[in-house]
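Novice:
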Amino acid sequence: MDQRLPDNPLVIHPAHQMGPYGGTWPRYGTSPSDVGIFHHRLAYDGLVRWDPMGREILPNLATHWDIEEEGRSYTFHLRRGVRWSDGHPFSADDIMFWYQDVLNNKDLTPVIPIEYRKGGQTVSCEKINDYTIRFRFAEPYGLFLKQLASNLSYQIVYYPAHYLKKFHPNYQAIEELEKLARADGKDFWYQLFQDRLDYRNVDCPRIWAWVVSRPPPERPAEFVRNPYYWKVDAEGRQLPYIDRITFDIYDLETINIKAINGEIGMQGRHMTFQNYPIFMANQKRGGYSVRHWLDGGDGTTAIVFNLNHKDEALQSLFHQRNFRIAMSHAIDRNAIREAAFLGVGESRQISPPPISAYHVPEHAYGYLKYDPVLANRLLDEIGLVKRDKRGMRLRSDGSPLVLNIETSSTMLGAGKMFEMIAANWRDVGINAKVKMQARQLYAQRRNALLCDVLVWGGSGEIVPTLDPRWFLPYSNSSFHGLDYARWYRSGGKNGTEPPPDMLRALDLFGQIERTVNEEEQIRLFREIIEINRKNLWVIGTVGAIPQLFIVKDTFRNVPEIAVSCWPLRTPGATAPESYAIDEG
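Numbered per my numbering, the sequence shown spans residues 1 to 584.
#1: Can you list, in chain order, the residues of its chain with a C-beta nearer than 7 Å to that of Asp101? Leave out the 5 residues immediately preceding and following it.
#2: What are the boundary residues of the alpha helix (DSSP H) that includes Ala92?
#3: Hey, which unbroken runs of the alpha helix (DSSP H) at 4 residues or more fall wholly within the region 27-57?
#4: Considering only C-alpha positions, which residue in the set Asp93, Arg285, Gly29, Ile529 is nearest to Gly366?
#5: Within a Cβ cutoff of 6 Å, which residues of the same chain sit near Arg445, ignoring the five residues on either side of it in sequence?
#6: Pick helix, strand or coil for Met280, following the three-state DSSP scheme.
#7: Please classify Val202 as buried or exposed, where buried requires at least 16 other C-beta atoms within 10 Å of its C-beta.
#8: Starting from Thr407, trace the beta strand (DSSP E) in both directions and tell me its first and last residue.
#9: Considering only C-alpha positions, which residue in the set Ile303, Asn256, Arg526, Ser316 is nearest to Met280?
#10: Can you tell me whether Leu441 is buried or exposed? The criterion is at least 16 other CB atoms within 10 Å of its CB, across all chains shown.
#11: If you run the structure through DSSP and keep just helix, strand and coil, what is Asn532?
#12: Excluding the 5 residues preceding and the 5 following Asp248 in the sequence, name in chain order all residues of the same chain whose CB lies nearer than 6 Å to its CB.
#13: Bridge partners for Gln121 per DSSP, in chain order?
#14: Ile57 and Leu145 - do their beta-carbons sit closer together than 8 Å?
#15: By Cβ distance below 7 Å, which residues in the same chain neighbour Leu394 in space, the five residues on each side in sequence not counted?
#16: Going by C-alpha to C-alpha distance, which of Leu78, Asp311, Ser328 sits closest to Ile128?
#17: Going by alpha carbons, who is nearest to Cys125 out of Glu419, Pro576, Val111, Arg72?
#18: Is it the case that the Cβ atoms of Gly36 and Tyr288 are separated by a distance below 8 Å?
#19: Round the Cβ separation of Ser351 and Ala364 to the nearest angstrom and send it over; I've been treating them as touching at under 8 Å.
#20: Quick check: the Cα distance between Asn282 and Asn376, rounded to an integer number of angstroms?
#21: For Asn535, which residues of its own chain have a beta-carbon under 7 Å away from its beta-carbon, when the five flanking residues on both sides are left out?
#22: Does the separation of the CB atoms of Met266 and Val551 fall below 8 Å?
#23: Please list, in chain order, all residues of the same chain as Asn494 whose beta carbon is under 7 Å from its beta carbon, the five residues on each side excluded.
#24: How long is the line joining the alpha carbons of Tyr474 and Arg117, rounded to whole angstroms?
#25: Going by DSSP in three states, Met436 sits in which element: helix, strand or coil?
#26: Per DSSP, which residues does Gln547 bridge with? Please list them.
#27: Please tell me whether Leu42 and Ile264 are closer than 8 Å, where the distance is taken between their beta carbons.
#28: Per the DSSP calculation, Arg219 is bridged to which residue(s)?
#29: Ser328: buried (16+ other C-beta within 10 angstroms of its C-beta) or exposed?
#30: Kindly confirm or deny that the region 289-306 and the region 540-560 touch, where touching means at least three C-beta pairs closer than 8 Å.
#31: Closer than 6 Å by C-beta to Met18: which residues in its own chain qualify, once you throw out the five before and the five after it? Chain order, please.
#32: For Ile531, which of Ser578, Ser459, Glu362 has the nearest alpha-carbon?
#33: For Thr410, count neighbouring C-beta atoms within 10 Å of its own C-beta (all shown protein chains included) and say buried if the count is 16 or more, exposed if not.
#34: Would you mind sorting His16 into buried or exposed? The rule is 16 or more other CB atoms within 10 Å of its CB.
#35: Please check the pair Tyr370 and Ile522, which I expect to be a contact at CB under 8 Å, by giving their CB distance rounded to whole angstroms.
#36: Roughly how far, in whole angstroms, is the beta-carbon of Val542 from the beta-carbon of Arg269, given that I think they are within contact range, below 8 Å?
Written as structure tokens, this is what we have:
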């Protein structure tokens, strides 16, 4: 084993006990994309990582780091002796391959992501020695370390140079690569490269605790222990403890039935809160327990109006602040809480939770009162006074005003809530209809700016600077202003320039990025939240819902309490590599 472990393996202290080894961890998803999320959430291995409560950034592949020049320079010292899953050494050369041959290759990276583009320049990356790497930005980038622990956690260390060079024209003749690509049914070399990198390729080495052995669409997909994994427990025994993880695909109802029957090892994804009483009542029979983890995102369903709608009349309507405020006051959140969440939780806008240093109560609890009289008055005041015989409001040209509330069929469990919202809006004369569709079709319509009203899981986040999608047009997940986000991420080359308040929010976020002072970051982001409070670009529903995780009684080392949210790559931050199955 000494030959498989690095010089200084990372020591993980399991939550409850050491081992034992062995066993299979069964997991379930509703689509192949749920399997693909493995390398975000269960293979949470970047240079650094968050602790389970999201309070501290910990060493991982990097043993330590130096931040200099007010946040312009970041030097990372790599763990010596780490190996890829095929036994080949991991070193600074792998990171340099990513930087030189992937990030700076226009075929593989047509547009440099803004996380690597600051002060109008792409970050530089320098190999100091085999185990030291330095990133330098043209201006201070105060969020870089946090981003490396979250959104960028897997990118930089995802590329085994010794394997991928076989598919890159900087190392192979382009003619041979194109020939190989065509033989594989691809048109271009970079499609072949991306295919060989894909997590489903069993031949590509990884640094994860488990590597794919049976990729989807085979059922069940399977990931098996990496013999060269570089972490150990407190007694020096190599992790992971669990032999394999399997993923199978079923509909949402079947997944919940499997949970109730004790057929799930440990899982929170797709555990429908409406089944909470059934989960609790069947713990003994199913041989599992229900963990109530803190919602680090203060998750609530986000309701957004498409501010970039192709229909100019709807776009103009959606841009009216009082229209959005009226639609928020028209929602009976208490009724939704009782019907959809068993009376648990509280009315919330999309805002950082109380456990976050970024929490702003005035935004979290603003415009929430169920007040159809006020909603009707506001809608009248903005000119929506004409109605048809049924009392439904008309457009200014006299045609019917119909709003489709669009979402993915993967959110079927929230269907009752969506229908209640639509009914509330019809009560104030807005003819709203729920339109559920296949996730791929939903994404296509959303990206083409064709949707009227979009609903999705919203999250204010414990550290919102890492994922500010709901507060400003930051990414392709900022559904309220996707074309504004395209403008922002392309540096103004694509998309549509946002309105003044959004530009102000983006400017404030730029100031946050340019300081390493966390108190200043918090102060500036609270200004962004105040802009959101005033504009209400995104409407929330019910939040403060415990995040349910079903844990089989034979499962060990799953924390009793942790923070669940996307930036922490839950359950990644809780060290799944230290989970164990004890049948004894």
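Don't be surprised by glycine CBs; every beta carbon is placed ideally from N, CA and C.
Specialist: Concretely, from the data shown:
#1: Counting from 1 along the sequence shown, the entry for residue 101 is found at position 101. Result list for Asp101: His168, Asn170, in chain order.
#2: For the purposes of this step, residue 92 is identified with residue 92 of the sequence shown, where counting begins at 1. Residues 92-97.
#3: With a minimum length of 4 residues, the continuous alpha helix (DSSP H) runs that stay inside the region 27-57 are 32-36, 38-41.
#4: Residue 366 sits at position 366 when you count from the first residue of the sequence shown. The shortest Cα separation from Gly366 among Asp93, Arg285, Gly29, Ile529 belongs to Ile529.
#5: Residue mapping note: residue 445 aligns to position 445 of the sequence shown, counting from 1. Closer than 6 Å at the Cβ level, and outside the excluded window around Arg445, lie Cys451.
#6: As a position in the sequence shown, residue 280 is number 280, starting the count at 1. DSSP places Met280 in helix when its eight states are reduced to three.
#7: Taking the first residue of the sequence shown as position 1, residue 202 is located at position 202. The residue in question, Val202, is exposed, as its Cβ has fewer than 16 Cβ neighbours within 10 Å.
#8: To locate residue 407, count along the sequence shown from 1; it is residue 407. In this chain, the beta strand (DSSP E) harbouring Thr407 covers 402-408.
#9: On the sequence shown, residue 280 is found 280 positions in, with the first residue counted as 1. With distances taken between Cα atoms, Met280 lies closest to Asn256.
#10: Sequence index remark: in the sequence shown, residue 441 carries index 441 (1-based). Classification of Leu441: exposed, given that the 10 Å Cβ count is below 16.
#11: Taking the sequence shown and counting its residues from 1, the one referred to as residue 532 is at position 532. Helix, per DSSP.
#12: In the sequence shown, counting from the first residue as 1, residue 248 sits at position 248. Result list for Asp248: Tyr28, Arg219, Pro220, in chain order.
#13: Within the sequence shown, numbered from 1, the residue matching residue 121 stands at position 121. Answer is Lys118.
#14: Looking up residue 145 in the sequence shown gives position 145. Looking up residue 57 in the sequence shown gives position 57. In contact: Leu145 and Ile57 (Cβ atoms closer than 8 Å).
#15: As a working mapping, residue 394 is identified with position 394 in the sequence shown. The residues are Lys386, Arg387, Asp388, Pro400, Leu401.
#16: On the sequence shown, residue 128 is found 128 positions in, with the first residue counted as 1. Looking at the Cα atoms, Leu78 is the closest of the given residues.
#17: Counting from 1 along the sequence shown, the entry for residue 125 is found at position 125. Comparing Cα positions, the closest option is Arg72.
#18: As a first step, residue 36 is located in the sequence shown; it is residue number 36 there, counting from the start. As a first step, residue 288 is located in the sequence shown; it is residue number 288 there, counting from the start. No. Outside cutoff.
#19: As a first step, residue 351 is located in the sequence shown; it is residue number 351 there, counting from the start. As a first step, residue 364 is located in the sequence shown; it is residue number 364 there, counting from the start. The pair is a contact, with the Cβ atoms about 4 Å apart (cut-off 8 Å).
#20: Taking the sequence shown and counting its residues from 1, the one referred to as residue 282 is at position 282. Taking the sequence shown and counting its residues from 1, the one referred to as residue 376 is at position 376. Cα-Cα distance, rounded: 45 Å.
#21: Here residue 535 refers to the residue found at position 535 of the sequence shown. Only Arg321, Asp501 meet the Cβ criterion.
#22: In the sequence shown, residue 266 corresponds to position 266, counting from 1. In the sequence shown, residue 551 corresponds to position 551, counting from 1. If you check the CB distance, Met266 and Val551 come in under 8 Å.
#23: For the purposes of this step, residue 494 is identified with residue 494 of the sequence shown, where counting begins at 1. For Asn494, where only same-chain residues beyond five positions count, the Cβ hits under 7 Å are Arg486, Trp487.
#24: Position 474 of the sequence shown, counted from the first residue, corresponds to residue 474. Position 117 of the sequence shown, counted from the first residue, corresponds to residue 117. For Tyr474 and Arg117, the distance between alpha carbons rounds to 14 Å.
#25: The residue labelled residue 436 in the question sits at position 436 within the sequence shown. The answer is strand: DSSP assigns Met436 an E or B state.
#26: Taking the first residue of the sequence shown as 1, we reach residue 547 at position 547. According to DSSP, Gln547 bridges with Trp293.
#27: Taking the sequence shown and counting its residues from 1, the one referred to as residue 42 is at position 42. Taking the sequence shown and counting its residues from 1, the one referred to as residue 264 is at position 264. No, they are not a contact pair.
#28: Along the sequence shown, read from residue 1 onward, the residue named residue 219 stands at position 219. Checking the DSSP bridge columns, you'll see Arg219 has no partner listed.
#29: Start at 1 with the first residue of the sequence shown, and residue 328 comes out as number 328. Label assigned to Ser328: buried.
#30: yes
#31: Counting from one through the sequence shown, the residue named residue 18 turns up at place 18. Once the five neighbours on either side are set aside, the close Cβ partners of Met18 are Asp233, Glu235.
#32: If you number the sequence shown from 1, residue 531 lands on position 531. It is Glu362 whose Cα lies nearest to the Cα of Ile531.
#33: Along the sequence shown, read from residue 1 onward, the residue named residue 410 stands at position 410. The residue is buried, with at least 16 neighbouring Cβ atoms inside 10 Å.
#34: Locating residue 16 in the sequence shown gives position 16, where the first residue counts as 1. Per the 10 Å Cβ criterion, exposed.
#35: On the sequence shown, residue 370 is found 370 positions in, with the first residue counted as 1. On the sequence shown, residue 522 is found 522 positions in, with the first residue counted as 1. So it is not a contact: roughly 32 Å between Cβ atoms.
#36: Position 542 of the sequence shown holds residue 542. Position 269 of the sequence shown holds residue 269. Contact between Val542 and Arg269 does not hold, since their C-beta atoms are separated by about 20 Å, which reaches or exceeds 8 Å.
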